[in-house]
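Asker: Below is the structure I would like to discuss, written out as C-alpha cells.
Protein chains: 2
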Amino acid sequence: MKWKELEEEPCSMARTIGVIGDRWTLLILRECFLRTRRFEGFQSALGITRHLLAERLKKLVRQGILRRIPYQESPKRHEYILTQKGIDLYPIMMAIVHWGDTHMVDERGRPLLHQHRKCGKDFDPVMVCSECGEPLSAKEVHTHPGPGARSLPEKSAPETRKAKARSRAA
Amino acid sequence: MKWKELEEEPCSMARTIGVIGDRWTLLILRECFLRTRRFEGFQSALGITRHLLAERLKKLVRQGILRRIPYQESPKRHEYILTQKGIDLYPIMMAIVHWGDTHMVDERGRPLLHQHRKCGKDFDPVMVCSECGEPLSAKEVHTHPGPGARSLPEKSAPETRKAKARSRAA
DNA sequence: ATCTTACAGTTCTATTTTAGAACTATAAGG
DNA sequence: CCTTATAGTTCTAAAATAGAACTGTAAGAT
Numbered sequence: 019m020k021w022k023e024l025e026e027e028p029c030s031m032a033r034t035i036g037v038i039g040d041r042w043t044l045l046i047l048r049e050c051f052l053r054t055r056r057f058e059g060f061q062s063a064l065g066i067t068r069h070l071l072a073e074r075l076k077k078l079v080r081q082g083i084l085r086r087i088p089y090q091e092s093p094k095r096h097e098y099i100l101t102q103k104g105i106d107l108y109p110i111m112m113a114i115v116h117w118g119d120t121h122m123v124d125e126r127g128r129p130l131l132h133q134h135r136k137c138g139k140d141f142d143p144v145m146v147c148s149e150c151g152e153p154l155s156a157k158e159v160h161t162h163p164g165p166g167a168r169s170l171p172e173k174s175a176p177e178t179r180k181a182k183a184r185s186r187a188a
Numbered sequence: 019m020k021w022k023e024l025e026e027e028p029c030s031m032a033r034t035i036g037v038i039g040d041r042w043t044l045l046i047l048r049e050c051f052l053r054t055r056r057f058e059g060f061q062s063a064l065g066i067t068r069h070l071l072a073e074r075l076k077k078l079v080r081q082g083i084l085r086r087i088p089y090q091e092s093p094k095r096h097e098y099i100l101t102q103k104g105i106d107l108y109p110i111m112m113a114i115v116h117w118g119d120t121h122m123v124d125e126r127g128r129p130l131l132h133q134h135r136k137c138g139k140d141f142d143p144v145m146v147c148s149e150c151g152e153p154l155s156a157k158e159v160h161t162h163p164g165p166g167a168r169s170l171p172e173k174s175a176p177e178t179r180k181a182k183a184r185s186r187a188a
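Heads up: the sequence lines are chains A and B, in that order.
Note that the first sequence covers residues 19 to 188 in the working numbering.
Note that the second sequence covers residues 19 to 188 in the working numbering.
Put into C-alpha cells, the structure is as follows:
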C-alpha cells in the first residue's frame with residue numbers, strides 16, 4: 019500500500035490518516051487550535067524545518083483544512099486559518115490529549131487543563147453514543163459493513179495449529 | 019525537535035504523537051480493534067512490509083499498548099493483544115473514523131457502520147464534557163496551564179505590521 | 001542612502017526511514 | 001523428502017526529513 023492509495027481505501031480511518039496521519043501535521047494542527055496563524059509562529063513554536071512546514075501547510079490548504087488568507091499587501095502575507103472541516107478535527111485532538119493525560123503524564127501532572135466555558139469547570143472529554151447518550155467502550159460496539167464497503171470478511175476466532183489438526187481429523 | 023524528544027515535551031499531545039503518531043502504527047491499531055492478533059494477519063490486511071511491521075509491533079509492546087502472548091509452543095508463536103492502555107485508544111480511533119465518515123466518504127457512503135450493543139442502533143461518536151455532559155466545541159474550551167506545564171506564554175492577537183508601526187508611533 | 005530586521009518562503013546536501021524483495025528457521029502434513 | 005504455515009531478519013534502492021543557507025520585499029533605524 020502506497021501513501022497516495024491510502025486516501026482511496028474503503029476505510030474512513032485510512033483516508034483520514036492519509037490526510038492528517040503524520041507527526042508534523044498533527045502538531046501543526048495543535049498549534050492552529052492554540053491560535054497560531056502564521057508561518058513564523060508555527061516554525062518557532064514547533065522547531066519544524068521551514069521546508070517541511072511550507073509543504074505541510076500547502077497540503078492542509080489543498081485538503082481544505084486550512085484557508086490561506088491575506089492579511090497585508092506588499093509584501094503579500096498570509097495567515098492560515100482553520101476551516102470548518104479543520105475545526106471538526108477538534109474531537110481527534112482532544113481524544114489524543116486525553117489519552118496522553120491519562121497514560122503519559124509524569125509526576126508533575128498535566129501540562130494543560132481544559133475549561134468548559136459553559137459550565138466553568140476543568141473537564142475531560144468523554145465519548146458517548148449519539149443515539150442513547152451512554153459512554154462508549156470498544157467491546158460494546160459491533161462494526162459491520164456500510165454502503166461504501168468493498169468487502170470485509172468476518173474473522174473467525176483464531177485457532178491453534180493443533181486445534182486445526184484436531185478438527186480436520188474429526 | 020527530534021522524535022525522541024517528543025515524548026518528553028510538556029504536552030500530552032506531543033507525547034501521544036510520539037507513541038502512536040505515525041501512519042502504520044495507527045493502521046496496526048485499527049486492525050487490533052478489528053480483532054487481528056497475529057503477524058501474518060496484520061501483514062496481509064495492511065500490505066505493510068514485514069520489516070516495518072516487526073518494528074512497530076515491538077515498539078507497541080515496549081510502550082505497553084500491546085501484550086505479546088504465546089499461543090503455542092514449538093515453534094513458539096505469539097499473539098498481540100491490546101492492553102487496557104491500548105483499549106483506551108478507542109476514542110481516538112473512533113474520532114478519526116468519524117471525521118473520515120463526515121469529510122472523506124465518496125458517493126457510495128460509509129465503508130463501516132458502528133452499532134451500539136446497548137441501544138441496538140448505528141451511532142456516531144459524540145464528545146461531551148465530563149462535568150456537564152454537553153457536547154464540546156473548540157471555541158467553548160479555554161486552555162490553561164496545568165501543574166505539569168513548563169511555560170506557555172499567552173499569545174496576543176496578531177497585529178499587522180502597519181498596526182504595530184501605528185502603536186509604536188502613538 | 002545604507003543597514004538591519006521581520007516575514008515567508010525556496011534550495012541544497014546529508015542523514016534517516018521506508019519500500020520491496022529475498023532469505024532463515026521450526027515444525028506439521030502429505 | 002517436499003510443500004506449507006508462521007514469524008521473523010537481512011539486504012539494497014527509493015523516498016522523506018533534518019539542518020543550514022539563500023532569496024526577495026519592505027519597514028524602521030542610523
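All C-beta atoms, glycine included, are put in the ideal place defined by N, C-alpha and C.
1) Hey, could you find the ends of the alpha helix (DSSP H) V37 (chain A) is sitting in?
2) Taking the alpha carbon of Y98 (chain A) as the point to measure from, which residue in A:F141, A:R85, A:G127, A:W42 has its own alpha carbon closest?
3) Taking buried to mean at least 16 other C-beta atoms within 10 Å of its own C-beta, is H162 (chain B) buried or exposed?
4) For L71 (chain B), which residues in the same chain have their Cβ closer than 6 Å to its Cβ, ignoring the five residues on either side in sequence?
5) Using DSSP's beta-bridge definition, name the partner residues of T101 (chain B).
6) Anything in chain B within Cβ reach of E152 (chain A), meaning under 8 Å, just list it in chain order.
7) Please specify which runs of the alpha helix (DSSP H), each continuous and at least 4 residues long, are wholly inside the region 78–165 of chain B, giving them in chain order.
8) Can you list, in chain order, the residues of its chain whose CB lies under 7 Å from that of C147 (chain B), leaving out five sequence neighbours each side?
9) Residues of chain B with CB closer than 9 Å to the CB of L130 (chain A), please, in chain order.
10) I want to see whether chain B comes within less than 8 Å of V79 (chain A), judged by CB atoms only; does it?
11) Please list the residues of the region 90–101 of chain A that have a C-beta atom closer than 9 Å to any C-beta atom in chain B, keeping them in chain order.
12) What do you get for R80 (chain A), buried or exposed, if any count of 16 or more other CB atoms within 10 angstroms of its CB means buried?
13) Considering E49 (chain B), what are the terminal residues of the alpha helix (DSSP H) in which it resides?
14) Establish whether the CB of E73 (chain A) and some CB of chain B are separated by less than 8 Å.
15) Beta carbons nearer than 9 Å to chain A: which residues of the region 53–72 of chain B have them?
16) Specify, as a first and last residue, the run of the alpha helix (DSSP H) that E26 (chain A) falls within.
17) Strictly below 9 Å CB to CB, what residues from chain A border K103 (chain B)?
18) For H116 (chain B), does the count of other Cβ atoms within 10 angstroms reach 16, so buried, or fall short, so exposed?
19) Buried or exposed, going by whether 16 or more other CB atoms sit within 10 Å of the CB of S92 (chain B)?
20) Does R85 (chain A) come within less than 8 Å of chain B when only Cβ atoms are used?
21) Under a CB-based cut-off of 8 Å, is I35 (chain A) close to chain B?
Answerer: From the atom records:
1) Locating residue 37 (chain A) in the first sequence gives position 19, where the first residue counts as 1. Start and end: 30–38.
2) Residue numbering aside, residue 98 (chain A) sits at position 80 when the first sequence is read from its first letter. Of the candidates A:F141, A:R85, A:G127, A:W42, the one whose C-alpha sits nearest the C-alpha of Y98 (chain A) is A:R85.
3) For this step, residue 162 (chain B) is matched to residue 144 along the second sequence. So H162 (chain B) counts as exposed.
4) Residue numbering aside, residue 71 (chain B) sits at position 53 when the second sequence is read from its first letter. Answer for L71 (chain B): F60, Q61, listed in chain order.
5) Stepping through the second sequence from its first residue, residue 101 (chain B) is reached at position 83. Note: T101 (chain B) sits in no beta bridge, so no partner.
6) The residue labelled residue 152 (chain A) in the question sits at position 134 within the first sequence. Here the neighbours are H134, K136, C137.
7) 102–105, 108–121
8) Against the second sequence, residue 147 (chain B) aligns to sequence position 129. Same-chain partners within the cutoff: L154.
9) If you number the first sequence from 1, residue 130 (chain A) lands on position 112. Neighbours of L130 (chain A) on chain B, chain order: P28, C29, S30, M31, T161, H162, P163, G164, G166, A167, L170.
10) Residue numbering aside, residue 79 (chain A) sits at position 61 when the first sequence is read from its first letter. By this cut-off, V79 (chain A) is not an interface position.
11) Q90, R95, E97, L100
12) Position 62 of the first sequence, counted from the start, is the residue given in the question as residue 80 (chain A). The residue in question, R80 (chain A), is exposed, as its Cβ has fewer than 16 Cβ neighbours within 10 Å.
13) In the second sequence, residue 49 (chain B) corresponds to position 31, counting from 1. Unbroken alpha helix (DSSP H) run through E49 (chain B): 41–51.
14) The count along the first sequence starts at 1 and reaches residue 73 (chain A) at position 55. No, its Cβ sits nowhere closer than 8 Å to a Cβ of chain B.
15) R53, T54, R55, R56, G59, L64, G65, I66
16) Here residue 26 (chain A) corresponds to residue number 8 of the first sequence, with the count starting at 1. It is not in any alpha helix (DSSP H) - E26 (chain A) carries neither H nor E in the DSSP assignment.
17) In the second sequence, the residue the question calls residue 103 (chain B) occupies position 85. Under the 9 Å cutoff, chain A gives W117, T120, H121.
18) Position 98 of the second sequence, counting from 1, holds the residue named residue 116 (chain B). So H116 (chain B) ends up on the buried side.
19) Residue mapping note: residue 92 (chain B) aligns to position 74 of the second sequence, counting from 1. By the 10 Å Cβ count, S92 (chain B) comes out exposed.
20) Mapped onto the first sequence, residue 85 (chain A) falls at position 67. By this cut-off, R85 (chain A) is not an interface position.
21) Residue 35 (chain A) sits at position 17 when you count from the first residue of the first sequence. Yes, I35 (chain A) counts as interfacial toward chain B.
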